[in-house]
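The structure appears below as structure tokens.
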Amino acid sequence: SANQMWGGRFAAGPDAIMEAINASIGFDQRLAGEDIEGSRAHASMLAATGILTTKDAEAIREGLLTVLSEIEGGTFEFSAALEDIHMNVEARLKQVVGEAAGRLHTARSRNDQVATDFRLWVRSQCDAAIPAIKTLQEALLGQAEAGADWVMPGFTHLQTAQPVTWGHHMLAYVEMLGRDAARFADARARMNESPLGAAALAGTSFPIDREMTAKALGFDRPMANSLDAVSDRDFALEFLSSATICAMHLSRLAEELVIWSSAQFRFVAMSDRFSTGSSIMPQKKNPDAAELIRAKIGRILGANVALLTVMKGLPLAYSKDMQEDKEQVFDAADHLMLALAAMAGMVADMAANRESLAAAAGSGFSTATDLADWLVRALNMPFRDAHHVTGTLVGMAESRGCDLADLSLADMQGVHEAITEDVFSVLTVEASVASRTSYGGTAPVQVRAQIARWRDAHKAG
Ligand code: ARG
């Protein structure tokens with residue numbers, strides 16, 4: 008007939024432009040493995056429930072493996088005239104096993120088929136993201152361990168605030184990434200229900216066993232509403248939301264690495280393996296990987312917004328709009344995985360410059376809060392008054408171009424007569440960070456405890 012797929016109702020084939028806008032095979036061939044897995048489970052169930060003969064089901068299941076090996080071997084010829092991966096596989100199956108192939112689509116629709124394939128694919132991406140995040144956390148933990156007590160400036164408003172430790176700063180990202188991994192795990196748990204058997208939208212009159220196919224595909228249970236099963240893509244949106252938040256975290260770390268590796272900061276040296284040179288300026292070593300990671304949020308958030316926008320306002324159940332889900336998710340997943348791997352390599356390779364960090368830690372009157380706290384503790388001064396006295400001393404040091412610790416005791420007593428020699432013990436950055444032993448604080452003892460907690464957690468899996 009003139010139409011390869013639905014010649015019964017259709018006298019003419021599609022316009023070339025129709026085929027171009029309609030075909031998804033250019034991208035959904037990525038779902039081939041999931042499609043065949045789903046079809047094999049469906050065929051087994053059709054036999055187990057007596058809907059198909061065991062002979063037909065076995066021929067189908069074997070034939071599908073042949074098709075899979077052709078696809079994996081690169082010999083399969085994909086056809087845009089056959090629209091998508093589902094029709095391509097089925098058409099080839101017909102050539103391989105003959106008439107039985109036509110029975111595979113009993114009690115099924117491409118609507119529940121694609122929903123199943125895509126869930127399986129997104130689920131596998133959650134499973135891949137979690138260990139990739141852990142690998143990056145391990146690299147950060149390595150940095151934290153090496154510099155648990157190295158001092159550096161802590162910033163607010165990118166202005167020197169209080170000294171912190173390098174280990175503490177690295178651990179901040181370990182925590183963020185831990186929540187990212189947990190988000191992927193949550194999303195995975197929620198999406199792990201099977202749409203298969205929802206058929207086009209209403210379910211089917213055949214005596215299918217949805218529990219059986221759900222189990223065979225590693226789902227916890229079948230989805231409870233057939234309209235919902237074929238028409239929601241919230242599972243993909245949860246994946247994209249988790250990916251977006253993770254990409255945002257990566258972007259912040261990447262930005263810090265860009266700043267820190269500059270000649271003005273010199274907090275870290277990036278390895279040659281994760282840097283590039285300039286074609287004109289011989290001295291340049293550019294943090295291109297960090298910059299690209301910083302930018303990945305653009306396309307990942309873009310995918311998230313794109314799919315949300317596609318889905319909003321769609322009436323139930325399936326509409327072809329939903330075919331636009333896949334490229335967004337494929338692209339976001341690919342680039343998130345690449346960004347995670349690049350960041351892990353970069354962090355593992357980079358060298359923190361302990362001297363530069365320490366020199367910067369002591370500048371900008373970073374221990375002013377420690378001085379104010381001393382006034383409260385030693386002189387029982389109200390904190391607001393201590394803040395004022397300290398501010399006066401900072402002003403004095405600033406006008407002389409020296410640090411707080413360079414002021415003499417006489418200078419200090421000129422501002423407040425009860426100050427004693429003991430004050431100088433709190434003005435070093437080492438004393439400052441060592442004193443911050445509150446839970447989750449920057450003191451090396453706290454940092455080491457948190458590193459040990461994460462190491463245990465990772466060992467436990
Ligand atoms: N290629 C389609 C998609 O990606 C498969 C489902 C087609 N269903 C349909 N009723 N046209 O969504």
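UniProt numbering applies: residue 8 is where the sequence shown begins, and numbers increase by one.
For every residue, glycine included, the Cβ atom is placed at its ideal position computed from N, Cα and C.
*How many Å lie between Y180 and R280 at the Cα?*
To locate residue 180, count along the sequence shown from 1; it is residue 173. To locate residue 280, count along the sequence shown from 1; it is residue 273. Y180 and R280: Cα-Cα distance of roughly 22 Å.
*Jot down the residue ranges of each uninterrupted alpha helix (DSSP H) in the region 133 to 179, minimum 4 residues, whole runs only, in chain order.*
Complete alpha helix (DSSP H) runs here, min 4: none at all.
*Taking A355 as the reference, which of Q144, T211, M94 has the closest Cα?*
Translated into positions along the sequence shown, residue 355 becomes position 348. Looking at the Cα atoms, Q144 is the closest of the given residues.
*Return yes when at least one heavy atom of the ligand ARG lies under 8 Å from the C-beta of P36, else no.*
If you number the sequence shown from 1, residue 36 lands on position 29. The amino acid at residue 36 is misidentified as Pro; the sequence shows Gln. Incorrect: Q36 has no Cβ contact closer than 8 Å to the ligand ARG.
_DSSP three-state assignment for N29, whether helix, strand or coil_ = Position 22 of the sequence shown holds residue 29. Shown here, N29 sits in a helix according to DSSP, grouped into three states.
*asked:* Rounding to the nearest angstrom, what Cα-Cα distance links G369 and I426 in this structure?
replied: Locating residue 369 in the sequence shown gives position 362, counting from the first residue. Locating residue 426 in the sequence shown gives position 419, counting from the first residue. Straight across, the Cα-Cα distance linking G369 with I426 is about 22 Å.
*asked:* Taking the straight line between their C-alpha atoms, what separation do you get for L178 and I458?
replied: As a first step, residue 178 must be located in the sequence shown, where it is residue number 171. As a first step, residue 458 must be located in the sequence shown, where it is residue number 451. In this structure, the straight-line span from the alpha carbon of L178 to that of I458 is close to 8 Å.
*Alpha carbon to alpha carbon, how far is G14 from A107? Give it in angstroms, no decimals.*
Along the sequence shown, one-based indexing puts residue 107 at 100. Along the sequence shown, one-based indexing puts residue 14 at 7. C-alpha separation (whole angstroms): 19 Å.
*asked:* Can you give me the C-alpha to C-alpha distance between H465 and H256, rounded to a whole angstrom?
replied: Against the sequence shown, residue 465 aligns to sequence position 458. Against the sequence shown, residue 256 aligns to sequence position 249. Distance between the alpha carbons of H465 and H256 is about 20 Å.
*alpha helix (DSSP H) containing R301: first to last residue?*
Start at 1 with the first residue of the sequence shown, and residue 301 comes out as number 294. Counting along the chain, the alpha helix (DSSP H) containing R301 begins and ends at 295 to 318.
*Distance between P322 and K333 (C-alpha atoms, nearest Å)*: To locate residue 333, count along the sequence shown from 1; it is residue 326. To locate residue 322, count along the sequence shown from 1; it is residue 315. Roughly 19 Å between the two C-alpha positions.
*Between S285 and the ligand ARG, is the CB less than 8 Å from at least one heavy atom?*
Within the sequence shown, numbered from 1, the residue matching residue 285 stands at position 278. False, no ligand heavy atom lies under 8 Å from that Cβ.
*Whose CA, out of V171, S432, S31, lies closest to the CA of D156?*
Indexing the sequence shown from 1 puts residue 156 at position 149. Ranking the options by Cα distance to D156, first place goes to V171.
*Indicate whether S278 and M353 have their beta-carbon atoms separated by less than 9 Å.*
Residue mapping note: residue 278 aligns to position 271 of the sequence shown, counting from 1. Residue mapping note: residue 353 aligns to position 346 of the sequence shown, counting from 1. Remark: C-beta atoms of S278 and M353 approach each other more closely than 9 Å.
*Completely contained alpha helix (DSSP H) runs for the UniProt domain "Argininosuccinate lyase C-terminal" (372 to 441), where each covers 4 or more residues*: With a minimum length of 4 residues, the unbroken runs of alpha helix (DSSP H) contained wholly in the UniProt domain "Argininosuccinate lyase C-terminal" (372 to 441) fall at 375 to 386, 390 to 407, 416 to 422.
_C-beta contact flag for D91 and A236 at 9 Å_ = The sequence position of residue 91 within the sequence shown is 84, counting from 1. The sequence position of residue 236 within the sequence shown is 229, counting from 1. For D91 and A236, no; Cβs fall outside 9 Å.
*Looking at the structure shown, is A261 part of a helix, part of a strand, or coil, going by DSSP?*
Translated into positions along the sequence shown, residue 261 becomes position 254. Collapsing the DSSP output to three states places A261 in a helix.
*What is the rounded straight-line gap between the Cα of L315 and the Cα of W173?*
Sequence index remark: in the sequence shown, residue 315 carries index 308 (1-based). Sequence index remark: in the sequence shown, residue 173 carries index 166 (1-based). If I take the Cα positions, the gap works out to 39 Å.
*For E200, which beta-bridge partners are listed by DSSP?*
Residue mapping note: residue 200 aligns to position 193 of the sequence shown, counting from 1. In DSSP, E200 forms a bridge with R228.
*Reducing DSSP to helix, strand and coil, say where T449 ends up.*
Locating residue 449 in the sequence shown gives position 442, where the first residue counts as 1. Of the three classes helix, strand and coil, the one that applies to T449 here is coil, per DSSP.
*Have a look at G468 and E65 and give me their C-alpha separation to the nearest angstrom.*
On the sequence shown, residue 468 is found 461 positions in, with the first residue counted as 1. On the sequence shown, residue 65 is found 58 positions in, with the first residue counted as 1. Taking the straight line from one Cα to the other gives about 39 Å.
_Can you give me the C-alpha to C-alpha distance between V454 and S439, rounded to a whole angstrom?_
Working through the sequence shown from its first residue, we reach residue 454 at position 447. Working through the sequence shown from its first residue, we reach residue 439 at position 432. If you draw a straight line from the Cα of V454 to the Cα of S439, it is about 14 Å long.
*Assuming L38 contacts I67 under a Cβ cut-off of 8 Å, what Cβ separation, rounded to an integer in Å, is found between them?*
Here residue 38 is taken as the residue at index 31 of the sequence shown, counted from 1. Here residue 67 is taken as the residue at index 60 of the sequence shown, counted from 1. Not quite, the Cβ-Cβ distance comes to about 18 Å (not below 8 Å), so this is no contact.
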